[in-house]
Amino acid sequence: MPFVRINELDRHVGQVVTVRGWVATTRSSGKIAFVVLRDGSGYLQTVFSKREVPDATWTRLADLTQETSIAVTGEVRADARAPGGHELTASEVEVLGTSPDFPISPKEHGSAFLFEHRHLWLRSRRQVAIARIRNEVVQAIRDFFYERDFVLVDTPILTGSIGEEAGNLFSTDYFDLGKAYLAQTGQLYVEAGAAALGKVYCFGPTFRAEKSKTRRHLTEFWMVEPEVAWNDSDANMRLQEEFIVSIVARILDRRADDLKELERDTGPLEQVVGPFPRISYTDAVAKLQGLGSDIEWGKDLGGDDETLLAKEYDRPIFVFNYPKEVKAFYMKENPDDPRTVLNNDCLAPEGYGEIIGGSQREDDYDRLLARIVGQGLDPEAYRWYLDLRKYGTFVHSGFGLGLERTVAWICGNAHIRESIAFPRQIHRLYP
Ligand code: 4AD
Ligand code: MG
53 MPFVRINELD RHVGQVVTVR GWVATTRSSG KIAFVVLRDG SGYLQTVFSK REVPDATWTR
113 LADLTQETSI AVTGEVRADA RAPGGHELTA SEVEVLGTSP DFPISPKEHG SAFLFEHRHL
173 WLRSRRQVAI ARIRNEVVQA IRDFFYERDF VLVDTPILTG SIGEEAGNLF STDYFDLGKA
233 YLAQTGQLYV EAGAAALGKV YCFGPTFRAE KSKTRRHLTE FWMVEPEVAW NDSDANMRLQ
293 EEFIVSIVAR ILDRRADDLK ELERDTGPLE QVVGPFPRIS YTDAVAKLQG LGSDIEWGKD
353 LGGDDETLLA KEYDRPIFVF NYPKEVKAFY MKENPDDPRT VLNNDCLAPE GYGEIIGGSQ
413 REDDYDRLLA RIVGQGLDPE AYRWYLDLRK YGTFVHSGFG LGLERTVAWI CGNAHIRESI
473 AFPRQIHRLY P
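In the numbering used here, the protein residues as written are 53 to 483.
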């Protein structure tokens, strides 16, 4: 008997097949029983008729509690009204694994309970839809760069120098060499890659010992970081715009069913077309003050400021040229206003805030060294990074897009933590 995945049933209409999966729901009228089965590729209603199946089979249906793993054999019928477009007229069911008292019932549970049972919660309809959207976003990212001739450079997770800021580092003992840090970013390494290959990107897990418990922060998150030789800050923003537009369009095109499962209003996502508004940090501060924020020039935009500002627009926006003091050491000083750097954040609409941080990099050896020293970092740890400015320095820019924040925004989830299978937060290391 051929074994078929639910999303392949259209090729088997009229045939008798076996489908394996887990019981989602059951209901019975006493004469007809419906067992909805899921196998990860979709949902299938299987229909048992008391008159048509052996008594032992009918009796066995009583054991099919939620999440029991089963194999159902029957004839595939096309049915436009059925979810997925098919039904199975079942002739036999085999129990493969029982599931007594599955903890997550269709009723409402609190989020603490759900995260404690994350390993089981992943099976629910919403979580499956989010996982599929994440998968599609990842593939959209990889295809975007592959099609534009970027080369993937995998960067180390164990590092000897601080990538972003000293405040939120995870460190571990590293043999005789002292401390190693878990990478906050792959950027410094892809800069070396850009000098070798021109257009590169890295894409992997990054770590921040974030003490903040906001809905935008994880301690472990995935970041994609392109780095492009000869791109200035302006070209960097154009690349970000093209990138975000292409990701969102692909999800609207290919994951419409999952967005529907999440009851995502796709209207705002359909607005995500270029050009994105660009506003300087200085103008943003003035605008925010006008909107009632107490921000002052020189301070970084907080999450609330980002939300307030982004609400003024119907698509992602760029805020560019922040004060040097609040930004990382590697950003290039703005020749027109040395109090600022040539950087940008990209803020998503609908209150999601920063999804990208990017900048043109300081390509002048002496200035970079001064910034490293000025921030109290050990120049010896950055000797290799400084070498990139010593041997054929070059204008270059790049950015980092946070995967989970992007997925949360596209899915319309209030909190970032459902965007990854097993979120890591200050208070969560289990499961
Ligand atoms: O702005 P960030 O810190 O920039 C960098 O790490 C640069 N090295 C990137 C580069 O230029 N190559 O982080 C980039 C993005 C943020 O915009 C956000 O989307 C995400 O990474 N991010 C986080 N996501 C979840 N949890 C956290 N704690 C995050 N911190 C940053
Ligand atoms: Mg940032």
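Where is the CB? At the ideal position from N, CA and C, for every residue including glycine.
One Cα belongs to Phe100, the other to Gly137, and the distance between them is close to 18 Å.
Secondary structure at Trp349: coil, using DSSP grouped into helix, strand and coil.
In this structure, the beta-carbon distance from Glu279 to Ala246 falls below 8 Å.
Considering only Val190, Arg133 and Leu116, the residue with the shortest C-alpha distance to Phe154 is Leu116. Proximity to Ser449 across Trp282, Ala338 and Gln191 peaks at Trp282, based on C-alpha coordinates.
Bounds of any alpha helix (DSSP H) do not take in Glu364, whose DSSP letter is neither H nor E.
Close to the ligand MG, as judged by a C-beta nearer than 7 Å to any of its heavy atoms, are the residues Asp397, Glu406 and Gly409, in chain order. With a cutoff of 8 Å on beta-carbon distance, Asn220 and Gly410 are scored as not near each other. Look at Gly354 here: in three-state DSSP terms it is coil, with no helix or strand label. In the structure shown, Val447 adopts coil according to DSSP, grouped into three states. Just measuring C-alpha positions, the residue of Cys463, Gly444, Pro483 and Ile478 sitting nearest Ala244 is Gly444. Look at Leu420 here: in three-state DSSP terms it is helix.
Closest in alpha carbon position to Gly238, among Val276, Lys263 and Gln412, is Val276.
Under DSSP, Met383 shares a beta bridge with Arg413. Taking C-alpha positions only, Asp310 is separated from Leu399 by approximately 24 Å. Residue environment for Ile478: exposed (fewer than 16 other C-beta atoms within 10 angstroms of its C-beta).
Between Trp173 and Glu456, the gap from beta carbon to beta carbon reaches 8 Å or more. Collapsing the DSSP output to three states places Arg307 in coil. Per DSSP, the beta bridge partners of Leu204 are Tyr253.
Residue state for Lys339 is assigned as helix, using DSSP reduced to three classes. Of all alpha-carbon atoms in Asp366, Thr258 and Ile185, the one lying nearest the alpha-carbon of Pro327 is that of Asp366.
Judged by DSSP secondary structure, Val56 falls outside any alpha helix (DSSP H); it is assigned neither H nor E. By alpha-carbon distance to Trp74, the top candidate from Tyr417, Glu119, Gly428 and Lys102 is Glu119. Here Gly126 is actually not in contact with Ser151; their C-beta atoms are around 21 Å apart, not less than 8 Å. With a minimum length of 4 residues, the unbroken runs of alpha helix (DSSP H) contained wholly in the region 225-271 fall at 239-249. Between Asp415 and Arg441, the gap from beta carbon to beta carbon is short of 8 Å. For Asp356, the closest of Thr109, Gly403 and Val87 by C-alpha to C-alpha distance is Gly403. The alpha-carbon separation between Arg267 and Val128 amounts to approximately 44 Å. If you draw a 10 Å sphere on the C-beta of Met383, you find 16 or more other C-beta atoms in it, and that means buried. Taking C-beta separations shorter than 6 Å and ignoring five residues to either side along the sequence, the partners of Phe222 in its chain run Leu234, Phe259 and Ala261, following chain order. If you compare the alpha carbons of Phe451, Arg469 and Gly452 with that of Val459, the shortest gap goes to Arg469. Shortest gap from the CB of Phe451 to any heavy atom of the ligand 4AD: under 7 Å. Scanning Tyr253, Ala466, Gln97 and Ala248 for the CA closest to the CA of Asn59 turns up Gln97.
Taking the Cα positions, Asp439 is about 30 Å away from Asp352.
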